[in-house]
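Participant: Take this structure, written in structure tokens, and hold onto it; I'll ask about it next.
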DNA sequence: GCGACAG
DNA sequence: ATCTTGTCGC
């Protein structure tokens with residue numbers, strides 16, 4: 001799909017996104033990440049699930065596939081969703097809420113990776129990015145737990161959140177079937193001793209581990 | 001035209 | 001995202 005068409009599709013899909021409070025009594029939390037094999041044209045998509053709220057590991061699945069779309073800021077979902085869905089289908093039990101490594105509605109057309117994936121899976125999704133794509137916010141004092149609204153055209157689309165003292169903040173935004181406060185609160189309950197929420201950190205480590213084991217094997 | 005720009 | 005060594009700090 002040409003980038004031009006992708007943008008048109010985003011505008012249509014963004015209309016379908018629903019923001020609502022996340023139920024507090026769900027049982028399975030999912031999280032995903034992707035690791036790229038630079039020299040070769042392949043990537044590893046990992047999906048992990050955890051019991052909620054204990055965060056005890058449940059399932060771990062992954063898929064390896066060719067990279068089918070270039071990296072274009074604003075069009076990340078078209079590059080990562082296909083492989084993520086491949087891995088997702090391998091799960092025995094579907095998660096009730098899903099964490100994504102990227103933005104939700106904190107996106108130029110309000111359809112970041114988390115929002116797009118949420119529409120595909122029809123489950124609540126939350127975007128948690130390590131850096132900003134768009135939007136502005138007031139200065140944030142870097143004390144763990146502090147946060148500030150992320151605004152886009154004077155409308156709040158997420159939160160800039162400090163997960164560790166003196167460390168660069170993370171960007172939290174609802175994807176689909178989630179709202180601003182539900183998203184921030186859920187991420188807070190996933191924090192461990194690192195900047196990145198535990199489920200996403202685990203997914204990242206697992207994706208990197210698998211990519212390296214694949215390089216050692218064939219190529 | 002220039003700067004910004006998830007992973 | 002990936003490519004990479006040492007290095008500063010809790």
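Numbering (the working numbering), first residue to last: 1 to 219. Where a beta carbon is used, it is the ideal one built from N, C-alpha and C, also for glycine. These numbers were taken from a predicted model, which means no experiment stands behind them.
#1: Quick check: what's the CA-CA separation for residue 210 versus residue 44?
#2: Buried or exposed for residue 194, please, with buried defined as at least 16 other CB atoms from any protein chain shown within 10 angstroms of its CB.
#3: Would you check if the region 58 to 71 and the region 145 to 152 touch, i.e. whether three or more CB-CB distances between them fall below 8 angstroms?
#4: For residue 66 and residue 41, what's the separation of their Cα atoms in angstroms?
#5: Quick one: give me the first and last residue of the alpha helix (DSSP H) that residue 126 is part of.
#6: Whose C-beta lies closer than 6 angstroms to the C-beta of residue 178 among residues of the same chain, with five residues either side of it excluded?
#7: Out of curiosity, what's the CA-to-CA distance linking residue 71 and residue 204?
#8: Sort 176, 54 and 35 by Cα distance to residue 26 and report the nearest one.
#9: Mind reading off the beta-carbon distance from residue 117 to residue 77? Whole number of angstroms is fine, and I expect it under 8 angstroms.
#10: If you draw a straight line from the alpha carbon of residue 166 to that of residue 147, how long is it in whole angstroms?
#11: Measure from the alpha carbon of residue 111 to the alpha carbon of each residue in 98, 173 and 84, then state which is nearest.
#12: Give me the Cα-Cα distance between residue 11 and residue 162, rounded to the nearest whole angstrom.
#13: Let me know the beta strand (DSSP E) ranges lying completely inside the region 152 to 193, each 3 residues or longer, listed in chain order.
#14: Kindly indicate which three-state DSSP category residue 149 falls into: helix, strand or coil?
#15: Per DSSP, which one or two residues make a beta bridge with residue 50?
#16: According to DSSP, is residue 111 part of a helix, a strand, or is it coil?
#17: From residue 6 to residue 14, what does the alpha carbon distance come to, in whole angstroms?
#18: For residue 103 and residue 159, which I take to be in contact (beta-carbon distance under 8 angstroms), what is that distance rounded to the nearest angstrom?
#19: Helix, strand or coil: which one does DSSP assign to residue 86?
#20: Give every residue of the same chain whose Cβ lies closer than 6 angstroms to the Cβ of residue 17, excluding the five residues on either side of it in the sequence, and list them in chain order.
#21: How is the beta strand (DSSP E) around residue 40 delimited, first residue to last?
#22: Would you mind stating whether residue 99 and residue 29 have Cβ atoms separated by less than 8 angstroms?
#23: Between residue 132 and the rest of its own chain, which residues show a CB-CB distance below 7 angstroms, the 5 nearest in sequence each way excluded?
Facilitator: With the given structure in hand:
#1: The alpha-carbon atoms of residue 210 and residue 44 are separated by roughly 7 angstroms.
#2: Counting Cβ neighbours within 10 Å, residue 194 comes out exposed, since fewer than 16 surround it.
#3: The region 145 to 152 is not in contact with the region 58 to 71.
#4: So the alpha carbons of these two residues sit roughly 6 angstroms apart.
#5: Run containing residue 126: none in the alpha helix (DSSP H); it sits in the beta strand (DSSP E), 125 to 129.
#6: Once the five neighbours on either side are set aside, the close Cβ partners of residue 178 are 22, 124 and 126.
#7: Here the alpha carbons of residue 204 and residue 71 stand approximately 18 angstroms from one another.
#8: Residue 54 is the option with its Cα nearest to residue 26.
#9: About 7 angstroms separates the Cβ atoms of residue 117 and residue 77, confirming a contact at the 8 angstroms cut-off.
#10: Those two C-alpha atoms are separated by around 13 angstroms.
#11: Of the candidates 98, 173 and 84, the residue whose Cα lies closest to the Cα of residue 111 is 173.
#12: If I take the Cα positions, the gap works out to 31 angstroms.
#13: Fully enclosed beta strand (DSSP E) runs of 3 or longer: 155 to 161 and 170 to 176.
#14: Three-state DSSP puts residue 149 in a strand.
#15: The partner list for residue 50 (beta bridge, DSSP) reads 29 and 57.
#16: Under the three-state reduction of DSSP output, residue 111 falls in the coil class, being neither helix nor strand.
#17: Cα-Cα distance, rounded: 12 angstroms.
#18: Contact doesn't hold; Cβ gap of about 12 angstroms is too wide.
#19: The three-state secondary structure of residue 86, taken from DSSP, is helix.
#20: The residues are 115 and 176.
#21: Where residue 40 is concerned, there is no enclosing beta strand (DSSP E), given that its DSSP letter is neither H nor E.
#22: Yes.
#23: Short of 7 angstroms from the beta carbon of residue 132, and not among the five residues preceding or following it, lie these beta carbons of its own chain, in chain order: 171.
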